[in-house]
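Asks:
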Amino acid sequence: MIMTQQKELFRTLFTKCLQSGHYPEEWKICRLILLEKPAKPSDTAQKYRPICLLDVMGKVFETIINNILLEEIELKGGYDNQYGFRKGRSTAKKIVDMIQKHRTDIVAMICIDVKNAFNSDDWAIIIKKVIARKVEPGLIEIVGSYLSKRRVRIDNKTTCEVSGAVPQE
1 MIMTQQKELF RTLFTKCLQS GHYPEEWKIC RLILLEKPAK PSDTAQKYRP ICLLDVMGKV
61 FETIINNILL EEIELKGGYD NQYGFRKGRS TAKKIVDMIQ KHRTDIVAMI CIDVKNAFNS
121 DDWAIIIKKV IARKVEPGLI EIVGSYLSKR RVRIDNKTTC EVSGAVPQE
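Here the sequence shown stands for residues 1 to 169, numbered as in UniProt numbering.
1) Quick one: what does DSSP say Val107 is sitting in, helix, strand or coil?
2) Quick check on Arg151: does DSSP put it in helix, strand or coil?
3) Might you give, ordered along the chain, the residues of its own chain that have their beta carbon closer than 6 Å to the beta carbon of Ile29, omitting 5 neighbours on each side?
4) With respect to the beta strand (DSSP E) encompassing Val96, which residues constitute its N-terminal and C-terminal limits?
5) Mind checking who Tyr48 pairs with in its DSSP beta bridge?
6) If you run the structure through DSSP and keep just helix, strand and coil, what is Ile126?
7) Would you check if the distance between the CB atom of Leu34 and the CB atom of Tyr23 is smaller than 8 Å?
8) May I ask which residues mark the beginning and end of the alpha helix (DSSP H) holding Glu72?
9) Using the beta-carbon count (16 or more within 10 Å), is Leu75 buried or exposed?
10) So the candidates are Lys40, Ile2, Val107, Glu136; which of them puts its Cα closest to the Cα of Leu70?
11) Could you pull the DSSP bridge partners for Val162 from this structure?
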């Protein structure tokens, strides 16, 4: 509600963050909650699904950065064979495209689901991939700031630094 009433204030704030290449530290702190999974042994870690709740301001700024990055990458020529993480090119669309293209052919398709794929991403590799896409230096700087010094609040007092994985809601 306050964002709709104070649009100019927030526009100025986000613009200054983008121009400085700085992602505010407080927006990088997420709150950990554990959700119980049904039908799992109660004495194992697999019984719980960890969920990190992201800061609302951080989520808004993250959306702005993501939209700018997607636009920049598409303008520079996205990879034609990449599905997922692109507007209008979901992994489900790839399956539909393959079915339409090979409607009369006999086709075998292998789909791989990498367990905890987002939890194992190396941030240095992410930055290298952004650089390889020839994204403007200011965006590389803000992505680097976004990924650095991220913290998880375990309870009201305890936080610990996170050095890998992709923040997700």
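Each residue gets a CB set at the ideal place from its N, CA and C atoms; glycine is no exception.
Replies: Reading from the atomic positions:
1) What you label residue 107 is simply residue 107 of the sequence shown in a count that begins at 1. Val107 falls in the coil class under three-state DSSP.
2) Here residue 151 is taken as the residue at index 151 of the sequence shown, counted from 1. Here Arg151 sits in strand by DSSP.
3) Counting from one through the sequence shown, the residue named residue 29 turns up at place 29. For Ile29, where only same-chain residues beyond five positions count, the Cβ hits under 6 Å are Arg151, Arg153.
4) Here residue 96 corresponds to residue number 96 of the sequence shown, with the count starting at 1. From DSSP, Val96 is part of no beta strand (DSSP E) but of the alpha helix (DSSP H) over 91 to 101.
5) Along the sequence shown, read from residue 1 onward, the residue named residue 48 stands at position 48. Per DSSP, the beta bridge partners of Tyr48 are Glu36.
6) The residue given as residue 126 occupies position 126 in the sequence shown. Correct three-state label for Ile126: helix.
7) Along the sequence shown, one-based indexing puts residue 34 at 34. Along the sequence shown, one-based indexing puts residue 23 at 23. No, Cβ-Cβ distance for Leu34 and Tyr23 is not below 8 Å.
8) Numbered from 1 along the sequence shown, position 72 holds the residue referred to as residue 72. Run containing Glu72: 56 to 75, per the alpha helix (DSSP H) assignment.
9) Numbered from its first residue, the sequence shown carries residue 75 at position 75. Exposed, because fewer than 16 other Cβ atoms sit within 10 Å of the Cβ of Leu75.
10) Along the sequence shown, one-based indexing puts residue 70 at 70. When only C-alpha atoms are compared, the closest one is Glu136.
11) Position 162 of the sequence shown holds residue 162. Paired residues: Arg150.
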